[in-house]
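Numbering (the UniProt record's numbering), first residue to last: 204 to 441. Written below as structure tokens is the structure these notes are about.
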Ligand code: ATP
């Protein structure tokens with residue numbers, strides 16, 4: 204069934220000074236969908252995410268969130284509207300405990316509700332419960348990725364943006380993280396997943412977009428893209 208669009212991007216263009224990094228991106232994510240954006244180094248994946256979350260200004264085009272034009276809405280306001288980004292490189296607060304990192308994600312929200320959410324996160328990521336009193340900086344890379352995701356989820360987002368969650372992780376952990384992303388989708392979360400690991404991302408995505416030098420060059424179901432000969436050659440190393 205086709206659901207309502209959560210995110211609608213039309214003709215989105217972003218510059219770094221005179222360098223144009225995005226050339227009129229069209230893309231959408233619907234309610235409950237897991238959509239992957241894949242592409243090589245320097246293709247524009249991070250730039251697109253930063254433009255979505257409001258960290259980089261768009262130089263042309265529109266971004267709509269639940270039908271509302273948010274192209275000029277400041278980043279903090281977008282977060283409050285329900286767009287939650289898990290940044291590349293995770294960026295947890297190393298000296299703080301795992302639990303305090305999570306509670307920080309729930310800031311400005313009702314305390315009882317925050318404790319309930321904490322419990323939900325510990326159910327989803329049991330290792331975080333086990334390590335809840337330990338400094339976040341002592342966690343492994345995969346555990347820090349789980350913490351960063353759980354912290355974003357503490358805000359009860361309506362759209363989760365994931366920037367290369369598998370980056371720098373061993374294959375077994377990549378699988379574990381992407382299983383967690385799939386599980387979130389099963390629970391109804393709407394997810395936009397940006398990955399260099401095209402194989403892993405397309406395997407769990409409902410739909411995927413391929414970005415090259417700031418342009419969307421292909422879009423299809425995750426399965427169809429996985430089987431696409433051009434994609435296999437360019438991104439899957441087959
Ligand atoms: P990666 O997977 O390596 O992070 P990416 O797909 O996320 O790559 P971007 O980081 O979005 O790619 O970069 C897109 C283009 O914009 C590249 O050509 C890059 O050189 C350029 N770019 C990125 N950041 C800046 C910046 N701060 N100043 C100038 N150009 C930049």
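Every residue, glycine too, gets a C-beta built ideally from N, C-alpha and C.
- Taking 7 Å as the cut-off, the C-beta of residue 248 counts as close to a heavy atom of the ligand ATP.
- Between the C-alpha atoms of residue 218 and residue 388 there is a straight-line separation of about 32 Å.
- Nearest to residue 395 by alpha-carbon distance, out of 410, 269, 436 and 417, is 410.
- Residue range 374-389 is occupied by the alpha helix (DSSP H) that includes residue 380.
- For residue 287, there is no enclosing alpha helix (DSSP H); the residue is part of the beta strand (DSSP E) that begins and ends at 286-289.
- Judged by beta-carbon spacing, residue 229 lies beyond the 8 Å limit of residue 290, meaning their Cβ atoms are not closer than that value.
- For residue 207, the number of other beta carbons within 10 angstroms of its own is below 16, and it is reported as exposed.
- Judged by DSSP in its simplified three-state form, residue 276 adopts coil rather than helix or strand.
- Its chain contains 305, 308, 324, 327, 328 and 331 as the residues whose beta carbon lies nearer than 8 Å to that of residue 353, once the 5 sequence neighbours on both sides are disregarded; these appear in chain order.
- Within 10 angstroms of the beta-carbon of residue 405 lie 16 or more other beta-carbons, which makes it buried.
- For residue 252, the enclosing alpha helix (DSSP H) starts and ends at 248-256.
- Under DSSP, residue 350 shares a beta bridge with no residue.
- Residue pairing by DSSP places residue 301 in no beta bridge whatsoever.
- In this structure, the alpha-carbon of residue 369 lies about 31 Å from that of residue 263.
- Looking from the CA of residue 418, the closest CA among 399, 211 and 226 belongs to 226.
- Inclusion of residue 244 in the 7 Å shell around the ligand ATP follows from its C-beta lying nearer than that to a non-hydrogen atom of the ligand.
- Within the DSSP bridge table, the entry for residue 269 names no partner.
- Under a 10 Å Cβ-count criterion, residue 271 is classified as exposed, with fewer than 16 other Cβ atoms of the shown protein chains found around its own Cβ.
- Per the Cβ contact rule, the region 330-349 is in contact with the region 374-389 (3 or more Cβ pairs under 8 Å).
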